[in-house]
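These notes concern the structure reproduced below.
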Amino acid sequence: MQSDAVVLLGGGNIDILPTCFRPGAAVIHCEPTLESGIAELIVITVKIMVCCKIMEKMYSIQHFSVLKLNLYISDIEISRAQIPKPVNQLAEEVGLLPEELEAYGRSKAKVCLSLLDRLHTQPDGKYVLVAGITPTPLGEGKSTVTIGLVQALSAHLSLNSFACLRQPSQGPTFGVKGQHLILFILSERLFNLHLTGDIHAITAANNLVAAAIDARMLHEATQSDKALFNRLVPSVNGVRKFSPIQFSRLQRLGIDKTNPASLTPEEVTSFVRLDLDPSKITWQRVVDTNDRFLRKITVGQANTEKGQIRETGFDIAVASEIMAILALADSLEDMKNRLARMVVGTSRSGQPVTTEDLGVSGALTVLMKDAIKPTLMQTLEGTPVFVHAGPFANIAHGNSSVLADKLALKLVGRDGFVVTEAGFGADIGMEKFFNIKCRASGLRPNVVVLVATIRALKMHGGGPNVSAGAPLPKEYIDENLSLVAAGCHSNLKKQIQIAHLFGIPVVVALNVFKTDTQAEIDLVCEIAKGCGASDAVPCNHWAQGGRGSIKLAQAVNEAASRPSNFQFLYNIEMPIADKIRTIAQKVYGADDIELSPAAKDKIDYYNQQGYGLLPICMAKTHLSLSHMPDKKGAPTGFVLPIRDVRASIGAGFIYPLVGTMSTMPGLPTRPCFYDIDLDPVTGEITGLF
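Structure follows, in C-alpha cells:
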C-alpha cells in the first residue's frame, strides 16, 4: 500500500478514525449527482476499498491469527514445537505500518515512537496492572499470570490485548532465578539472552559515564587551568568555540558569554574544574552478570593513572539509573533531558555534578537512541507482547516502560486491554507503579490483578520457611486449611487494602499448583471476596494456556467496566520525611520511621538542591511488608529504620534505604549455568527454563 485516499462523499465525512490514516493520505472530495450514477458507483467502490485498507491497519481481533497449543506434551516441548508468526505478520495484525517496524530477525522487532503521533487521537484502551502478595523466594507467577490473561483476552474472548513486560537480566538467568516466563513467550532464547541489545546499550552508556568521571579527575589533577581550557575548548583553524553542551554548563555557572576568549581567569577555573570529591562519587560501573567479587574494587592502580587510586564497585546492569530512565521516559527528548540531569557525585564545595557537566550526556543519548523503542514479540498463542526495560525493583521502581504502555494502549483501542506487571509484592512494585510511574506517564489504571498462591498464603499463615532449591515441607504439599485461612486474613487482606488506598478495584488471581486442593482454592476465593476483592478466581494457565485464564479475563473485563477513583497516596509537595512516613504507615503497617543522622543530613541536602518535590522509591526487602524478611503475614508494631537516603535525579525519585540493599547479586554454589548448553548439530539451546 503505497498511498491511501480518504473519500468525502457528498460533502459528508467517512466515519473512520482519522488516526488510522497513513501520513500524507490524499483526500478526495466528490459530489455525485443523480445524473451521474456510474460516477457515484465508482466513488462508493473507492470508498469501500479505502475503508478496508485503513481498517486493515488497526488491531482487529477479526483478522488476528491464533496459534493453537498442543497441551498433551511437556511444557518445554510445547514451547519448542510452536512456530511463531513472522513479526511482519504480527505487526500488521496489531495495526503497525511497515515503516514503523525495525525487524531484528524473524520473530522480534523494534517499534518506532512515531506511532504515537499517528495515533494521538485514538482513545486509549483499558489499563490493567498485575501485582502480587508478598512472595516466597520461589516467586508466585505474576509474569505467567500476565501472559495467561492476555492470551485469554485475545485468543479466547476475542478482545484486543497487549502484554507489557520487563526484559530479564542475564545475571539471574545464569544465576539462581529460573525464567519460567519463557514457556509463554516464543523465541525464549532471545527473550532471556541478548534480545535487541537494550541492556548492552545501557551497560555501554553507564560505563562511558564512569570512564568520563575517572578521566576528568585525572586530567584536573595533572593539568593547569590554562591547559585544561585549551584542551576542552580546542582551537580549530585558529578559532575557539564552545560546543553546545558546554553552553549548558556556562549557563548553570551563571556565565552569560559565548566567546571563549572573553572569560575571566576566575570564570575559566569555574568552567574547567568540576572538582569532584572522590569520596562522594555515587556512580558505579555495571555488568549484566552476577559477580559478587565486583561489589567493591580499587581502580587507578596502574602507573599511568598517576596515583589517582580510589575504591568503587560494580552494580548489575539493570540497577543502573539509565535503566530507570529508559523505563520512565515518555519521548526521546525526555530521555535526553533525564540523562543530562543524572548526578554522578558532589564537588568539594558541595555542589552536585551531572553528566551534562561532564559533557557526556549527548553521547549517552546516541547510545540509547534505539533502546528507547519497545521490542515487539508474541506469546505461545500468538498474542502480542511488548518487552521493554527492566529496572531493578529494590532501588528503582521495578516496572516496564511508560512508552511500551502508551504504544500498546493506542494500538488496542478503546475496548482493548493493556496488561502490565509490577515487580515483587503490591507493597513494593504496585506502590511504585502508582506513585512514580503513573505520575511520570499521566496514565491511570482501571484494575489491579493481585496474584496469590496457596503456597505463599500458607507461608504467611505460619508455615515453615521456603527456600530455592530445597524440597517443600509437607505443609505446602498436604491440604492445610488453617494455614491458608491465616495467610488470607493477614497478607492477602493487607495487599487488597493497599490497592484500595489508590481507589482501584482488585481482582484476585489464584495461580493454581498441582498440589492445591479444591477446598483450599474455594477457601481463598471466598475469603478474598470477603476482604474487598471485586472477584477472586483460580487460574490454570500453566496447564491450559490462555483457556485456563478465561475466568480471570472475564472478571477483569467486568471490573474494568466499573468506575474507579484513582488517587495518589501522598501529595508530592509534602516534605521528604513525611512522604516516607506515609508509605511506611499506610502501606507497610509501621508505627513510625526512624531516620539515621546520615539520612537526615541527606534530606537537608536534597532540599537545599531543590529535589524535595520528587516522589519516593523505597528500597527494602521484598520478602516482608516490614524491613525484617522473616516477619511474614502483616506485621504491626514496628518502626521502619531509614539508614540512608539517596537520589536518582535523572530518573526523578528519592530512594530511602531500609537496611542493607545489594545491587550486585552473587552466584550460588550451583548456578543455573550448569544446565545450559547448546547442541552444535541442531543449534538447540537447553537449560534456559
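Going by my numbering, the sequence shown opens with residue 137, and the numbers climb by one from there. Beta carbons: idealized from backbone N, C-alpha and C, even for Gly. What you are looking at is a predicted structure, and each value in this text was computed from that prediction instead of being measured.
Excluding the five sequence neighbours on either side, which residues of its own chain have a C-beta within less than 6 Å of the C-beta of residue i, listed in chain order?
i: E567; result: V723
i: V423; result: F450
i: K756; result: H763 and V794
i: G769; result: H596, S626 and N627
i: P765; result: T757 and L759
i: N530; result: A755 and M797
i: R421; result: N343, A346 and F450
i: K665; result: A672
i: K416; result: G481 and T482
In the DSSP assignment, what residue or residues form a beta bridge with residue i?
i: P777; result: E730
i: R371; result: Note that residue 371 corresponds to Ser in the displayed sequence, not to Arg. Answer by DSSP bridge pairing, in chain order: R376.
i: F298; result: V554
i: I821; result: L814
i: I752; result: I790
i: A770; result: According to DSSP, which records beta bridges pairwise, A770 is partnered with nothing at all.
i: R580; result: None; R580 has no bridge partner.
i: R782; result: Y791
Could you round the C-beta distance between residue i and residue j to whole angstroms and report it? I think they count as a contact, below 8 Å.
i: V223; j: R254; result: The pair is not a contact, with the Cβ atoms about 19 Å apart (cut-off 8 Å).
i: A672; j: C661; result: 4 Å
i: A689; j: L293; result: 5 Å
i: V587; j: A645; result: 5 Å
i: A604; j: L274; result: 6 Å
i: D506; j: K246; result: 7 Å
i: I729; j: F789; result: Not a contact, Cβ separation roughly 17 Å.
i: L412; j: G307; result: Not really, about 29 Å apart at Cβ, beyond 8 Å.
i: G466; j: V523; result: First, the residue type needs correcting, since residue 466 is Asp and not Gly in the sequence shown. Actually they are not in contact, since the Cβ atoms of D466 and V523 sit about 18 Å apart, beyond 8 Å.
i: V555; j: V202; result: The pair is not a contact, with the Cβ atoms about 17 Å apart (cut-off 8 Å).
i: F383; j: S290; result: Contact doesn't hold; Cβ gap of about 50 Å is too wide.
i: I686; j: A288; result: 5 Å
Would you say residue i faces chain D, with C-beta separation under 8 Å as the test?
i: L399; result: Given the protein chain composition of this structure (a single chain), no chain D is represented.
How far does the beta strand (DSSP E) with residue i in it extend, from its first residue to its last?
i: S415; result: L412 to I417
i: P792; result: F789 to L793
Quick one: give me the first and last residue of the alpha helix (DSSP H) that residue i is part of.
i: D253; result: S250 to R254
i: L285; result: K278 to Q287
i: A346; result: D334 to T358
i: V583; result: Counting along the chain, V583 falls outside any alpha helix (DSSP H), though it belongs to the beta strand (DSSP E) covering V583 to A588.
i: D714; result: I712 to I719
i: C574; result: C574 to S577
i: P401; result: P401 to V408
i: F310; result: Q306 to F310
i: Q690; result: I686 to A696
Can you list, in chain order, the residues of its chain whose CB lies under 7 Å from that of residue i, leaving out five sequence neighbours each side?
i: E457; result: M478, S784, G786 and A787
i: V408; result: D361, L364, F365 and L368
i: L637; result: L705 and K722
i: E611; result: K594, G599, P600 and L619
i: T339; result: V422, V423, D424 and A453
i: D813; result: T822 and G823
Ignore the nearest five residues each way along the sequence and tell me which others in residue i's own chain have a CB closer than 8 Å to its CB.
i: K442; result: L354, A357 and T358
i: I445; result: T434, V435, G436 and Q437
i: G549; result: M194, Y195, Q258, P259, G261 and N296
i: P159; result: Residue confidence for P159 is low, a pLDDT of 36 falling below 50, so the modelled location carries little weight; the figure read from the coordinates is stated next. Contacts found: R254.
i: G333; result: D506 and A507
i: Y747; result: A783, I785 and I790
i: G561; result: A267, G268, I269, T270, P271, Q631, H758 and L761
Which parts of the segment 469-551 are runs of the alpha helix (DSSP H), unbroken and 4 residues or longer, counting only runs that do not cross its ends? 491-494, 497-504 and 538-548
Contained beta strand (DSSP E) runs [length at least 3] in the segment 605-683, N- to C-terminal order: 642-647 and 671-675
In chain order, each beta strand (DSSP E) run of at least 3 residues that lies wholly inside the segment 217-276: 237-239, 245-247 and 262-268
Uninterrupted beta strand (DSSP E) stretches inside the segment 421-468 (no shorter than 3 residues): 421-423, 433-435, 446-448 and 450-452
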